[in-house]
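Chemist: With the UniProt record's numbering, the residue at position 78 of the sequence shown is 78, and numbering never jumps.
Positions of the beta carbon are idealized from the N, C-alpha and C atoms, including for glycine.
Here the structure is a predicted model, which means the values were calculated and not measured.
Let me give you the structure first, and then I'll get to my questions.
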Amino acid sequence: MEQRRSFILILAKALLQFQAPSHRIENQLEAAARVLDVPAEFLHLPSLVIVSFGSLDGEQGAPVVEKRRKSSFSSKSLKSTIAMSILGKNKDDDADSPQETHEGGPDNGGGVTESEPAQEKAAHGTGFGIRVHIVKSGGKMELGKLHELHVIYRKVVHDEMSAQDGRIKLLKLLKQPPIYNIYERCVHAFICGLLICVMSFGGSFVDMWVAGAGCATIAYLQLGVASKNPLYSNIF
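What follows is the structure in structure tokens.
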């Protein structure tokens with residue numbers, strides 16, 4: 001179960017980082033959770049996905065161990081009352097037989113409490129809740145990696161690949177460097193600006209070189225400067 005949940009979380013991060021279409025992110029995550037038999041709900045916001053595992057009915061949720069002390073403390077009086085009523089009815093039988101699972105003490109006024117391991121076992125067996133994860137990631141559109149991501153997603157959904165193998169492949173895909181470095185992308189921006197100026201706006205011979213230089217400068221600021229400073233990253 002943990003491997004399947006981890007795959008869903010990494011899938012959500014990859015979809016955000018590679019700029020998948022926003023109208024498909026929730027649908028893909030819901031389909032993956034349904035096929036992997038993981039009860040989950042998703043909420044997509046810009047550069048953010050909120051994932052909740054489990055259900056309000058407590059089906060296949062997360063064990064809530066933290067609430068064990070509160071529940072045991074609040075039920076001590078009820079347990080002691082029931083035990084005392086039973087002991088009152090069977091006083092003669094209880095005097096002859098030793099107590100095995102109950103004990104009295106000064107802290108509870110001579111009452112009867114359940115042993116600690118039994119309480120812990122009951123808490124693990126019956127208490128379930130919801131885990132909420134917030135996945136936040138920013139990135140740029142990469143169509144090549146987005147296609148590879150979709151291939152991995154389809155293999156996992158169609159049972160051609162396990163969730164653990166899909167998780168490993170997604171992690172490798174997230175760590176891969178971009179196909180083109182910064183300077184190559186600046187050259188591409190220069191060529192695009194040059195051609196767009198001439199073909200779309202009817203620019204002159206001088207205008208196309210100025211437009212190409214401007215596009216290359218903006219591309220360098222976006223890739224080399226703004227990405228290293230969070231104060232300017234939102235501008236681009």
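#1: Could you tell me the distance, in whole angstroms, from the CA atom of residue 193 to the CA atom of residue 199?
#2: Evaluate residue 44 with the Cβ neighbour count: other Cβ atoms within 10 Å of its Cβ, from every protein chain shown; 16 or more gives buried, anything less gives exposed.
#3: Might you give, ordered along the chain, the residues of its own chain that have their beta carbon closer than 8 Å to the beta carbon of residue 152, omitting 5 neighbours on each side?
#4: On a Cα-Cα basis, can you pick out the residue from 164, 48, 235, 195 that is closest to residue 3?
#5: Considering only the alpha carbon of each residue, which of 220, 28, 51, 189 lies closest to residue 136?
#6: Under 9 Å, do residue 11 and residue 32 count as touching if we go by C-beta distance?
#7: Residue range of the alpha helix (DSSP H) that residue 38 falls in?
#8: Taking the CB atoms as reference points, tell me whether residue 178 and residue 148 lie closer together than 9 Å.
#9: Are residue 226 and residue 186 touching if we call contact CB-CB under 9 Å?
#10: What alpha helix (DSSP H) runs, 4 residues minimum, are completely inside the stretch 168-217?
#11: Suppose you measure from the CA of residue 221 to the CA of residue 38; what does that come to, to the nearest Å?
#12: Tell me, to the nearest whole angstrom, how far the beta carbon of residue 182 is from that of residue 223; I am working on the premise that it is less than 8 Å.
#13: Do residue 49 and residue 29 come within 9 Å of each other at the CB atom, strictly closer than that value?
#14: If I measure Cβ to Cβ from residue 144 and keep anything under 8 Å in the same chain, skipping five residues before and after, which residues do I get?
#15: If you follow the beta strand (DSSP E) that residue 134 is in, where does it begin and where does it stop?
Modeler: This is what the structure holds:
#1: Their backbone Cα atoms lie some 10 Å apart in a straight line.
#2: With 16 or more other Cβ atoms inside 10 Å of its own Cβ, residue 44 counts as buried.
#3: Excluding sequence neighbours, residue 152 sits near 161, 166, 169, 170, 173.
#4: Closest in C-alpha terms to residue 3, from the list 164, 48, 235, 195, comes 164.
#5: The residue with the shortest Cα to Cα distance from residue 136 is 51.
#6: Against a cut-off of 9 Å, the Cβ pair of residue 32 and residue 11 comes out as a contact.
#7: First-last for residue 38: undefined, no H or E at that position.
#8: No, the Cβ-Cβ distance between residue 178 and residue 148 is not below 9 Å.
#9: Not a contact, by the Cβ cut-off of 9 Å.
#10: The stretch 168-217 contains these whole alpha helix (DSSP H) runs: 182-201.
#11: Straight-line Cα distance between these residues: approximately 43 Å.
#12: Going by Cβ atoms, the distance from residue 182 to residue 223 rounds to 5 Å, so yes, they are a contact pair.
#13: Yes; because the gap between Cβ atoms is below 9 Å, this pair is in contact.
#14: Closer than 8 Å at the Cβ level, and outside the excluded window around residue 144, lie 179.
#15: Start and end: 131-136.
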